[in-house]
Amino acid sequence: PPPLGGSMWSFRVLLLLAQLLVCLCPPCPREPFDGLVTITEALGGGISGGSLPPLPLPQVCPAETLGCFGAELGVIGLEHREQAVELARLQRHLEILGFLLPPRPQEGCPPCEGHPEQPTPRFLAKLLELLQVLCAPAHWGP
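Note that the sequence shown covers residues -30 to -1, 1 to 112 in mature numbering (1 follows the signal peptide of the UniProt record, and there is no 0).
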């Protein structure tokens, strides 16, 4: 695998800054962020990836969007069996976070299938972006 060097360091710094700016107080656990860092370090240079749901969806279908990302992590786990345990753990954390999210109407949520596949680094970066949006205090409301 290619060396992760500076880009991984930059990702980690970005993640730490994001955690400082985003309230990670309950009910938004820290585990999905930690799991994402571990997986990004291991798979960040990969070519394969997962289908990427459009990101306006968290406002309308937050739990469903997390579910789509979780399902794609399962597919990535089949391709990268050496990271299957970490990927399954992250899937479980996303599932738990989906249950903790404030309820929203589920009408109009598109299916997970049919979204274009993206390289692993882009897929993981978009998952980080989704977690930041969902864990922002404004998303949880009063």
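C-beta atoms are modelled at their ideal positions from N, C-alpha and C, and glycine is treated no differently.
Within the region 27 to 70, the runs of alpha helix (DSSP H) that reach at least 4 residues and sit entirely inside it are, in chain order, 27 to 30, 32 to 49 and 54 to 70.
In the structure shown, P89 falls within a strand segment according to DSSP collapsed to helix, strand and coil. Just measuring C-alpha positions, the residue of F93, L6 and C(-3) sitting nearest A58 is L6. Where E83 is concerned, there is no enclosing alpha helix (DSSP H), because DSSP gives it neither an H nor an E. Cβ contact annotation for E56 (same chain, cutoff 8 Å, sequence separation greater than five): G5, T8, I9 and A12, in chain order. Between L64 and P(-2), the gap from beta carbon to beta carbon reaches 8 Å or more. Per DSSP, E11 is one residue of the alpha helix (DSSP H) stretching across E1 to L13.
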